[in-house]
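Number of protein chains: 2
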Amino acid sequence: MPRTALILFAHGARDPEWAEPMRRVCAAVREQAPELRVELAFLESIKPDLRACVESLIAECWERILVVPMFIARGGHLKRDVPLLLEELRQRHPQTCFELAPAIGEAEPIVQAMARHALALASR
Amino acid sequence: MPRTALILFAHGARDPEWAEPMRRVCAAVREQAPELRVELAFLESIKPDLRACVESLIAECWERILVVPMFIARGGHLKRDVPLLLEELRQRHPQTCFELAPAIGEAEPIVQAMARHALALASR
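So the protein sequences, as listed, match chains A and B. All residue numbers for the first sequence refer to the working numbering, where the first residue is 2 and numbers rise by one. All residue numbers for the second sequence refer to the working numbering, where the first residue is 2 and numbers rise by one.
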């Protein structure tokens, strides 16, 4: 099993409060798996960006870098920009295994959790 | 208990595939609660927009309209634009109870589900 670093990759916004749910997810992952390296990275407005985050993890010799997009759905950034950036990083760092997960909002457990939550709100 | 209609309100994108996770959430809610009226509405690019969706539900005499933002976090749209629009609709339809939930990505059950899912991906 390669030593894995996880990047929670979110869109970002000028308002720094925007990132608060992502920081809570990051903290929850760290609490559940203290041995896992997990970092946040952003597409815009909030640092670090994905490239800087990847480069700093590579400097620490992580063998596998898993990017989990904290997006509700898959738009142009995840269809084009991010795969292109990862391809460039792969060519520059062939010793590292890069993986890009689907948008987290597309994952069946998240779809089901959102449905349960919306239903709970409507039932109050 | 007032008769409630639920609007799953998402950002929207030019690519119609973008809305697929929202359609799955909508279908899951309908399956779990066939008696609940649930609709999708979008801020941009995909129809219906929130105003049109609300007006069509009001024409059907729903007493309570609950808007659940399918956003990973709360940015300018949810802080300013959507509350202003709902205030305008409230004034035009004082007999209807409008509620705006927090962004779904901020809800604790969703934060925890995202953390579990990211961790499961990293453990593969």
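Idealized CB from N, CA, C, for every residue including glycine.
Backbone secondary structure at residue i - three-state DSSP
i	result
Cys62/A	coil
Glu36/A	coil
Leu44/A	coil
Pro70/B	strand
Asp82/B	helix
Ala11/A	strand
Ala108/B	coil
Ala102/B	coil
Contacts around residue i, its chain only, beta-carbon distance under 7 Å, and the 5 residues preceding and following it disregarded
i	result
Glu64/B	Pro3, Arg4, Thr97 and Cys98
Gly106/B	Phe72, Ile73 and Ala74
Pro84/A	Leu101
His94/B	Ile59
Same chain only: Cβ atoms within 8 Å of residue i, ignoring 5 sequence neighbours per side
i	result
Leu9/B	Met23, Val26, Cys27, Val30, Val39, Glu40, Leu41, Ala42, Val69 and Met71
Leu87/A	Val68, Phe99 and Leu101
Glu50/A	Correcting the residue type first, residue 50/A is Asp in the shown sequence and not Glu. Closer than 8 Å at Cβ, skipping near neighbours: Ala42, Phe43 and Leu44.
Leu58/A	Ala6, Ile8, Arg38, Glu40 and Ile66
Close Cβ partners of residue i (< 6 Å) along its chain, the five nearest in sequence each way excluded
i	result
Trp19/A	none
Arg91/A	Phe99
Chain-ordered residues of the segment 94 to 116 of chain A with a beta carbon less than 7 Å from chain B: Listed in sequence order: Ala102, Ile105, Gly106, Glu107, Ala108, Pro110, Ile111, Val112, Gln113, Ala114, Met115 and Ala116.
Interfacial residues, the segment 3 to 20 of chain A to chain B, with Cβ spacing under 9 Å: Listed by position, the residues of the segment 3 to 20 of chain A near chain B (Cβ gap below 9 Å) are Thr5, Ala6, Leu7, Leu9, Ala11, His12, Ala14, Arg15, Asp16, Glu18, Trp19 and Ala20.
Cβ contact (3+ pairs, closer than 8 Å) linking the segment 10 to 19 of chain B and the segment 43 to 59 of chain B: For the pair of segments examined, the segment 10 to 19 of chain B was found to touch the segment 43 to 59 of chain B: the number of CB pairs separated by less than 8 Å reaches three.
Interface residues of the segment 67 to 92 of chain A facing chain B [CB-CB below 9 Å]: For chain B, the residues of the segment 67 to 92 of chain A that bring a beta carbon within less than 9 Å of one of its beta carbons are Leu67, Val69, Met71, Phe72, Ile73, Ala74, Arg75, Gly76, Gly77 and Lys80, in chain order.
Contact set between the segment 35 to 62 of chain A and chain B, restricted to residues whose Cβ is under 8 Å from the partner: Answer in chain order: Leu37 and Val39.
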